[in-house]
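Engineer: Got a structure for you, written out below as structure tokens; questions coming shortly.
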Amino acid sequence: MMKSLQRLGRSLMLPVAVMPAAAILMGIGYAIDHQGWGGENAFAAFLITAGAAIIDNIPLLFAVGIAFGLSKDQNGAAGLAGLVAFLTVTSLLSPGAVANIGFLGELSDIQRAAFGRVNNAFIGILSGVIASYVYNRFHKTELPSFLAFFSGRRSVPIIVSGIMCAVAIVLMFIWPLLFGGLVAFGEFIAGLGAFGAGLYGFFNRLLIPIGLHHALNAVFWFDLVGINDLGNWFGAGEGVVGTTGMYMAGFFPVMMFGLPGACLAMWRMAKDKNKKIVLGLMMAAAFTSFFTGVTEPVEFAFMFVAPLLYVVHAVLTGISMIITASFSWFAGFGFSAGAIDFILSIFNPHSMNWWMLLLLGVAYFFVYFFVFTGLIKVFDLKTPGREEDTEEADADAVLETGDYGAVAKTVIEGLGGKSNVVSHEYCATRIRAEVKDYLLVDEKVIKSAGIAGVVRPSKTSVQVIVGTKVQFVADAMDEQLK
13 MMKSLQRLGR SLMLPVAVMP AAAILMGIGY AIDHQGWGGE NAFAAFLITA
63 GAAIIDNIPL LFAVGIAFGL SKDQNGAAGL AGLVAFLTVT SLLSPGAVAN
113 IGFLGELSDI QRAAFGRVNN AFIGILSGVI ASYVYNRFHK TELPSFLAFF
163 SGRRSVPIIV SGIMCAVAIV LMFIWPLLFG GLVAFGEFIA GLGAFGAGLY
213 GFFNRLLIPI GLHHALNAVF WFDLVGINDL GNWFGAGEGV VGTTGMYMAG
263 FFPVMMFGLP GACLAMWRMA KDKNKKIVLG LMMAAAFTSF FTGVTEPVEF
313 AFMFVAPLLY VVHAVLTGIS MIITASFSWF AGFGFSAGAI DFILSIFNPH
363 SMNWWMLLLL GVAYFFVYFF VFTGLIKVFD LKTPGREEDT EEADADAVLE
413 TGDYGAVAKT VIEGLGGKSN VVSHEYCATR IRAEVKDYLL VDEKVIKSAG
463 IAGVVRPSKT SVQVIVGTKV QFVADAMDEQ LK
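Those letters in the sequence shown? Residues 13 to 494, per our numbering, in order.
If you want it as structure tokens, here you go:
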């Protein structure tokens with residue numbers, strides 16, 4: 013189970029890696045036109061729209077990225093299957109489609125709200141996982157001669173679309189119940205004061221992997237049941253100084269300081285030979301979280317590979333919400349709880365004791381750093397850079413010449429020649445090859461290309477440790493093997 017989650021977590025790194033750029037574009041655009049969201053400034057509108065093109069389609073990116081990452085040979089056809097799976101299920105679960113199909117009769121307001129939010133991370137992950145399974149199972153299927161055109165990889169999107177139709181029918185009945193239950197739960201905890209704010213913060217983080225945090229946000233941030241914390245903050249309702257902002261303020265210490273502290277901990281605990289790989293990812297993720305409040309690049313880095321850390325993260329978020337609500341340390345946001353929104357919120361009439369959020373944030377930086385460091389060390393959690401797949405993983409120093417064709421030629425020779433290589437794929441730092449005859453593999457020849465190491469998990473599997481330039485060597489192998 014844990015290995016499956018770790019594979020899922022690694023497959024998410026491809027779509028997660030594009031988020032920081034999008035978040036920065038939106039953050040700058042929103043800072044330029046904080047009130048109008050681009051409506052009052054053309055350049056701001058340009059930046060916000062460009063960033064939103066990625067951020068708003070994160071579930072779709074997850075579907076494609078996971079399907080590609082979990083496929084056996086990481087073929088583009090698997091990514092296409094993920095796209096087909098996602099488009100099929102989200103189209104069938106759109107409010108208009110569900111109403112037309114008529115299985116549920118006339119839709120209630122809660123049902124319409126639920127189906128209006130099917131474009132979420134959970135649906136994206138589910139689509140990617142199903143598509144990858146179907147691809148791995150059927151991508152070599154041979155059909156009768158009159159259907160031969162649809163054999164192999166071409167059969168996968170067809171099979172996936174049929175499976176997702178069945179999945180959509182199941183979700184038509186389950187999804188509104190989950191969504192409605194969370195709305196009712198949100199109404200209940202809204203009456204618990206500061207402790208309720210803490211519960212909201214805890215479940216807000218805990219529900220992000222399945223996308224249902226939007227249901228809770230609708231209860232507390234918007235005017236679904238009369239709370240409208242975000243709307244009141246910007247004067248769209250009846251705000252109350254000392255109360256308005258209690259469901260937003262506690263996120264600032266976590267997003268601006270806590271998660272960057274977690275990034276530092278994960279980088280520090282990475283294996284020495286992998287620190288260079290992890291540094292770029294963690295720096296970009298920490299920068300994005302601090303300035304814009306977009307936390308997915310950090311959270312998805314450990315959400316699946318180390319679930320314990322994610323639960324601790326949710327608990328710490330809840331504690332931050334309780335503290336800020338109890339002592340009336342209030343700031344609010346229109347985009348997310350990053351530095352840009354924090355600076356702008358200082359001048360809001362509902363802002364109270366905002367400097368205390370900074371002090372709490374500094375404390376949270378060290379709390380996250382030491383807690384994450386301790387848990388990673390004690391439980392040997394496989395956070396980025398600590399996976400078994402990246403041991404012995406840096407041969408970059410001898411690949412600096414950039415002659416990847418020569419390296420690839422030597423690796424193929426060491427694997428026994430073109431005729432002995434059945435298939436190959438690459439991950440973060442290594443090439444995984446399947447060979448016909450393991451006796452033809454010569455590790456000394458492979459290492460002569462400047463390769464850091466060779467691992468042989470079985471008689472037919474060979475893992476060639478390349479380092480961070482693995483993609484370029486693998487691409488050169490593709491060309492030569494063709």
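Glycine included, C-beta positions come from ideal geometry on N, C-alpha and C.
Can you list, in chain order, the residues of its chain whose CB lies under 7 Å from that of residue 97, leaving out five sequence neighbours each side?
Structural biologist: The residues are 75, 139, 142, 143, 172, 176.
Engineer: What does a CB cutoff of less than 8 Å around residue 88 pick up in its chain, not counting 5 residues either side in sequence?
Structural biologist: Result list for residue 88: 80, in chain order.
Engineer: For residue 241 and residue 229, what's the separation of their Cα atoms in angstroms?
Structural biologist: Roughly 10 Å separates the two Cα atoms.
Engineer: Hey, how far is the Cα of residue 186 from the Cα of residue 476?
Structural biologist: Going by the C-alpha atoms only, they are around 45 Å apart.
Engineer: Evaluate the contact criterion for the segment 294-312 versus the segment 336-343: three or more CB pairs, one atom per stretch, below 8 Å.
Structural biologist: The segment 294-312, when compared against the segment 336-343, does not touch it at the 8 Å Cβ threshold.
Engineer: Kindly identify the DSSP beta-bridge partner or partners of residue 547.
Structural biologist: Lying before the first or after the last residue shown, residue 547 is absent from the chain, which here runs from 13 to 494.
Engineer: CB residue 486 to CB residue 438, shorter than 8 Å?
Structural biologist: The answer is yes: Cβ separation under 8 Å.
Engineer: Leaving out five residues before and five after residue 321 in sequence, what residues of the same chain have Cβ atoms less than 7 Å from its Cβ?
Structural biologist: Closer than 7 Å at the Cβ level, and outside the excluded window around residue 321, lie 314, 384, 387, 393.
Engineer: Since residue 467 is in the beta strand (DSSP E), which residue starts that stretch and which ends it?
Structural biologist: Here the beta strand (DSSP E) through residue 467 covers 465-467.
Engineer: Are there 16 or more other CB atoms within 10 angstroms of the CB of residue 406, so buried, or fewer, so exposed?
Structural biologist: Its pLDDT being 42, under 50, residue 406 is placed unreliably by the model, and the measurement read from it follows with that caveat. The residue in question, residue 406, is buried, as its Cβ has 16 or more Cβ neighbours within 10 Å.
Engineer: Could you give the distance in angstroms between the alpha-carbon of residue 493 and the alpha-carbon of residue 430?
Structural biologist: Spanning the two alpha carbons is a distance of roughly 6 Å.
Engineer: Are there 16 or more other CB atoms within 10 angstroms of the CB of residue 471, so buried, or fewer, so exposed?
Structural biologist: Flag for residue 471 reads exposed.
Engineer: Considering only the beta carbon of each residue, do residue 345 and residue 260 sit closer than 8 Å?
Structural biologist: For residue 345 and residue 260, yes; Cβs fall inside 8 Å.
Engineer: Classify residue 315 as helix, strand or coil using the three-state DSSP reduction.
Structural biologist: In this structure, residue 315 counts as coil in the three-state DSSP scheme.
Engineer: With distances taken from CA atoms, which of 363, 56, 37 is nearest residue 44?
Structural biologist: Of the listed residues, the one whose Cα sits closest to residue 44 is 56.
Engineer: Let me confirm a value: residue 353 is counted as buried when at least 16 other C-beta atoms fall within 10 Å, else exposed. Which label applies?
Structural biologist: Burial call: buried.
Engineer: Taking 8 Å as the threshold (C-beta atoms), are residue 33 and residue 104 in contact?
Structural biologist: Against a cut-off of 8 Å, the Cβ pair of residue 33 and residue 104 comes out as no contact.
Engineer: Closer than 7 Å by C-beta to residue 163: which residues in its own chain qualify, once you throw out the five before and the five after it? Chain order, please.
Structural biologist: 153, 154, 155.
Engineer: So residue 212 packs on residue 234, CB below 8 Å; how close in whole Å?
Structural biologist: Incorrect: roughly 13 Å between the Cβ atoms, too far for contact.
Engineer: Less than 8 Å separating the beta-carbons of residue 202 and residue 337?
Structural biologist: Not in contact: residue 202 and residue 337 (Cβ atoms no closer than 8 Å).
Engineer: Report buried or exposed for residue 165, applying the criterion of at least 16 other Cβ atoms within 10 angstroms of its Cβ.
Structural biologist: The residue in question, residue 165, is buried, as its Cβ has 16 or more Cβ neighbours within 10 Å.
Engineer: Assign residue 191 to one of three DSSP states: helix, strand, or coil.
Structural biologist: Correct three-state label for residue 191: helix.
Engineer: Pull up the distance between the alpha-carbon of residue 309 and that of residue 66, whole angstroms please.
Structural biologist: Rounded to whole angstroms, residue 309 to residue 66 spans 13 Å at the Cα level.
Engineer: Suppose you measure from the CA of residue 82 to the CA of residue 20; what does that come to, to the nearest Å?
Structural biologist: For residue 82 and residue 20, the distance between alpha carbons rounds to 7 Å.
Engineer: Out of 160, 146, 272, state which residue places its alpha-carbon closest to the alpha-carbon of residue 379.
Structural biologist: Among 160, 146, 272, the Cα nearest to that of residue 379 belongs to 272.
Engineer: Tell me whether residue 258 sits in a helix, a strand or coil according to DSSP, three-state version.
Structural biologist: Three-state DSSP puts residue 258 in coil, outside helix and strand.
Engineer: Look at the alpha carbon of residue 377 and the alpha carbon of residue 277, and state the distance between them as a whole number of angstroms.
Structural biologist: Using only the alpha carbons, I get a separation of about 10 Å.
Engineer: Under 6 Å Cβ to Cβ from residue 188, same chain only, skipping five residues before and after it: list those, please.
Structural biologist: Correct list, in chain order: 123, 126.
Engineer: Closer than 7 Å by C-beta to residue 409: which residues in its own chain qualify, once you throw out the five before and the five after it? Chain order, please.
Structural biologist: Here residue 409 scores only 42 on pLDDT, less than 50, and its place in the model is too uncertain to base an answer on.
Engineer: By the three-class DSSP mapping on this structure, what secondary structure does residue 55 have?
Structural biologist: Reduced to three states, the DSSP call for residue 55 is helix.
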